[in-house]
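Under the numbering used here, the first residue of the sequence shown is numbered 1, with each subsequent residue one higher. The beta carbon of each residue, even a glycine, is placed where N, CA and C say it ideally should be.
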Amino acid sequence: MNAVIIAVAVMLLLSLLRVHVVIALLVGAIIGGFVGGFSVTETMTIFTEGLGGSATVALSYALLGGFAIAISKTGLPRVVVDFAIKIVGKEGESRKKSLSKVLLLLVILIISSFSQNVIPIHIAFIPILIPPLVQVFNELKLDRRAVATAITFGLKAPYILIPAGFGLIFHEIIQINMAESGLEIQMVDIPKALLLPTLGMVLGLLIALFVTYRKNRTYKNGTVNEEVAVTEEPISRRAVMIALLAIIGALVVQYETKSMILSALFGLVILLLSGKMNVKSADEYLTDGMRMMAFIGFVMITASGFAAVIRETGHVALLVEQSAELIGNNKGIAALLMLLVGLFITMGIGSSFSTIPIIATLFVPLSLAIGFSPLATIALIGTAGALGDAGSPASDSTLGPTAGLNVDGQHHHIWDTCVPTFIHFNLPLILFGWIAAMVL
1 MNAVIIAVAV
11 MLLLSLLRVH
21 VVIALLVGAI
31 IGGFVGGFSV
41 TETMTIFTEG
51 LGGSATVALS
61 YALLGGFAIA
71 ISKTGLPRVV
81 VDFAIKIVGK
91 EGESRKKSLS
101 KVLLLLVILI
111 ISSFSQNVIP
121 IHIAFIPILI
131 PPLVQVFNEL
141 KLDRRAVATA
151 ITFGLKAPYI
161 LIPAGFGLIF
171 HEIIQINMAE
181 SGLEIQMVDI
191 PKALLLPTLG
201 MVLGLLIALF
211 VTYRKNRTYK
221 NGTVNEEVAV
231 TEEPISRRAV
241 MIALLAIIGA
251 LVVQYETKSM
261 ILSALFGLVI
271 LLLSGKMNVK
281 SADEYLTDGM
291 RMMAFIGFVM
301 ITASGFAAVI
311 RETGHVALLV
321 EQSAELIGNN
331 KGIAALLMLL
341 VGLFITMGIG
351 SSFSTIPIIA
361 TLFVPLSLAI
371 GFSPLATIAL
381 IGTAGALGDA
391 GSPASDSTLG
401 PTAGLNVDGQ
411 HHHIWDTCVP
421 TFIHFNLPLI
431 LFGWIAAMVL
């Protein structure tokens, strides 16, 4: 038995049974460690040592949550919500409501996509933009699963295809690791190889928005958590301008320093110095923000421990080797198995960026031996790395949307974010990634 498959399967099964994802990750790690030959004590030692891997990210999201709460008190989200409500229309204006849904989803999709390449802030926009819009989604009876798929698409597809921002980092990881494994490639070839897989994601998004989740879905009103509710105080133009200045300043700091911690801290300092927020309220906002983002932080910290156990078993390389034994010289089976291996690894680790170095070492010589072209090899490695990021309970591409959409407790992380994104993105990625490997 392979420890990677067993650990990931247990984690996913427990998650689907609505066991909290932190517990699912912990139990999956223990069982995976046991299958890998470790005692429970050894497994927990490895798990504990691996917890620090996401500590920086957890602190970043905690501070970001505090910044988001502070922004929500300035009245800026209220301005956004009021504008959105104006385009909703009256109860009988079904056509206007439909157009409003499309417009909102389009805006969210654009902002999500820009967060990867144009202004690389990743999920930093979610706690500021999404919670205030939840009541608008309710008014429109918009299925939040559609919103989750739109956000996750924007968090994934741009970095897979476009070599800018996080996309440049992703492409550099592919190029460097393939070169170290014996295959020199040009950066310009990566978008060419990953175009077809990205088109698969586009198809999945269209199916999700216009087929699967196009019908109305009713949610209860008036249950949004107090700390993220839109302020009902009179809107001050000065406060709104300060909020915009704080957001722009935070974006500039993050762009220059690549640090979400400094970015959120800088935004909070601007609000503090402006007089809109005092020291006491800053303490309250930070506490409320940590509460809002605690779910993401704890899951990502636990996922780091889970990933550490998986790596230490040595069964990741064994999984690839076992797959290679089944392949022979059949390119079709080879491509499918490599993609499935990437899916299992990323579903457990929760990071496409971390998966590439693991699989490139073994995928490159295997692809060359079977006879795949350099472009086909790029498509296989890039797609295999991207697979699983959508749909993984431990990925920030799913944790981010859930944190924003579940502010009133009506959006389930597994069934409303992970399952929809898995179905609509991972399945097309497998199909179109396989096609790309066969035709390039």
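Assuming Ile111 and Leu129 form a contact by the criterion Cβ under 8 Å, report the distance between their Cβ atoms to the nearest whole angstrom.
-> 7 Å
Return the CA-CA distance between Thr402 and Asp416, expressed in angstroms with no decimal places.
-> 8 Å
Helix, strand or coil at Pro365 according to DSSP, with G and I counted as helix = helix
Among Ser113, Thr149, Val107 and Ser98, the one whose alpha carbon lies nearest that of Leu449 = The shown model of the chain, from 1 to 440, leaves out residue 449, and the question about it has no answer.
Can you tell me which of Val419, Val439 and Leu431 puts its alpha carbon nearest to the alpha carbon of Leu203?
-> Leu431
Opening and closing residue of the alpha helix (DSSP H) in which Phe432 lies | Leu427 to Val439
Alpha carbon of Arg311 to alpha carbon of Glu284, nearest angstrom = 40 Å
My guess is that Val341 and Ile370 are in contact by the Cβ rule of under 8 Å, so how many angstroms apart are they, rounded?
-> Contact flag wrong, Cβ pair sits at about 14 Å.
Can you check whether the CB of Leu405 is closer than 8 Å to the CB of Ala24?
-> no
7 Å Cβ shell around Val316 - same chain, five flanking residues per side excluded | Val4, Ile310, Ile345 and Ile358
Can the beta-carbon of Phe363 be found less than 8 Å from the beta-carbon of Leu339?
-> no
CB Leu429 to CB Met178, shorter than 8 Å?
-> no
Is it a yes or a no for the region 36 to 49 touching the region 8 to 21, going by three-plus beta-carbon pairs under 8 Å?
-> no
For the alpha helix (DSSP H) that contains Asp189, what are its first and last residues?
-> Asp189 to Ile207
Cβ-Cβ distance between Leu183 and Thr377 below 8 Å = yes
In the DSSP assignment, find the alpha helix (DSSP H) that holds His171 and state where it starts and stops.
-> Phe166 to Glu180
Run the CB neighbour count on Leu206, radius 10 Å, all protein chains shown included, and call it buried at 16 or more, exposed below.
-> exposed
Please report the Cβ distance between Ser60 and Ala264, rounded to the nearest whole angstrom; I am assuming they are in contact, meaning their Cβ atoms lie under 8 Å.
-> 7 Å
Buried or exposed (CB count within 10 angstroms, at least 16 for buried), Ile176 | exposed
Are the beta-carbon atoms belonging to Ile247 and Leu271 less than 8 Å from one another?
-> no
For Ala334 and Met438, the rounded distance between their alpha carbons = 10 Å
Can you say whether Phe425 is buried or exposed, counting buried as having 16 or more other CB atoms within 10 angstroms of its CB?
-> buried
Any idea if Glu91 is buried or exposed, counting beta-carbon neighbours within 10 angstroms, 16 or more meaning buried?
-> Model confidence at Glu91 stands at a pLDDT of 48, short of 50, so the residue's coordinates are unreliable; what they give is reported in the following sentence. Burial call: exposed.
Is Gly92 helix, strand or coil when you go by DSSP?
-> Its pLDDT being 47, under 50, Gly92 is placed unreliably in this model, and the value from its coordinates should be taken loosely. Gly92 falls in the coil class under three-state DSSP.
Where does Met338 fall in DSSP's three states?
-> helix
Answer with buried or exposed for Ser236, where buried requires no fewer than 16 other C-beta atoms within 10 angstroms of its C-beta.
-> exposed
Return the residue from the list Ser98, Gly154, Val102 and Asn221 that minimises the CA-CA distance to Ala124.
-> Gly154
Is it right to say Tyr213 is buried, meaning 16 or more other beta carbons lie within 10 angstroms of its own, or is it exposed?
-> buried
List the whole-angstrom C-beta distance separating Val240 from Val79, where the pair is believed to meet the contact cut-off of C-beta under 8 Å.
-> 6 Å
Identify whether Ala146 lies in helix, strand or coil by the three-state DSSP scheme.
-> helix
The alpha helix (DSSP H) spanning Ile248 covers which residue range?
-> Arg237 to Thr257
In terms of residues, what are the limits of the alpha helix (DSSP H) holding Ala3?
-> Ala3 to Leu16
Put Ile126 into one of helix, strand or coil per three-state DSSP.
-> helix
Looking at the unbroken alpha helix (DSSP H) that takes in Glu184, where does it start and where does it end?
-> Careful: Glu184 lies outside any alpha helix (DSSP H) and carries neither H nor E.
Residue burial classification, Lys73 (beta-carbon count within 10 angstroms, cutoff 16) = buried
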